[in-house]
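>
In my numbering, the protein residues as written are 471 to 664.
#1: Helix, strand or coil: which one does DSSP assign to residue 514?
#2: In whole angstroms, give me the CA-to-CA distance for residue 472 and residue 537.
#3: Return helix, strand or coil for residue 668, following the three-state DSSP convention.
#4: Checking 9 Å against the spacing of the C-beta atoms, do residue 585 and residue 547 come in under that value?
#5: Pull up the distance between the alpha-carbon of residue 556 and that of residue 550, whole angstroms please.
#6: In angstroms with no decimal places, state the Cα-to-Cα distance between residue 508 and residue 653.
#7: Please name the residue or residues paired with residue 603 in a DSSP beta bridge.
#8: For residue 627, which option in 541, 479, 561 and 607 has the closest C-alpha, if you only look at C-alpha atoms?
#9: CB residue 595 to CB residue 632, shorter than 9 Å?
#10: From residue 587 to residue 660, what does the alpha carbon distance come to, in whole angstroms?
#11: With a threshold of 8 Å, are at least 3 pairs of Cβ atoms found where one atom belongs to the region 635-652 and the other to the region 560-569?
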């Protein structure tokens, strides 16, 4: 059985207290108040449907067949036997994340950040000795949208997606090894480039 919602809010408040120097007093009090409301509503919405067969904050290292080391931390993995659903929690409004959830397209040939993250997690877990089969990744938006609805956005991952992201990993690795880093905008009056 899951603990009461108050324990979730207490954990949030402890985190806020440990990081209070990052906020003004007004921001700190507002964030705590917002956290209480959002977390209580979120808990009440999902507590009866949460899977209890899970691993949280799972850290895993993997080495791709071409020798590239990758590692990552996954918020939660839910299980149905060997089938796994990777869960990543997101704050903020899902409406502002739509582009980040998109697979590659003309406008963004690399795909959105969240889409790539989902595929990366599946690649990461392919090297797991327990042989879990990642059936999908899901982004769970903890804050409600403008209609006060909580949204979970699933990403189904295809073999083509895996090939695409593995190529992106390979391209990035090769650039790192060649010390080929982003050079900036190159404008003469740019403070950061100069």
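Glycine included, every Cβ here is placed at the ideal spot set by N, Cα and C.
Based on what the coordinates show:
#1: In the structure shown, the three-state DSSP call for residue 514 is helix.
#2: About 41 Å.
#3: The chain is shown only over 471 to 664; residue 668 falls outside these bounds and no answer can be derived.
#4: Cβ atoms of residue 585 and residue 547: not closer than 9 Å.
#5: Computed Cα separation, rounded: 12 Å.
#6: The straight-line gap from Cα to Cα measures roughly 41 Å.
#7: Assignment of beta-bridge partners to residue 603 by DSSP yields 553.
#8: Of 541, 479, 561 and 607, the residue nearest in Cα terms is 607.
#9: No, they are not a contact pair.
#10: Spanning the alpha carbons of residue 587 and residue 660 requires a straight line of approximately 31 Å.
#11: These segments do not touch.
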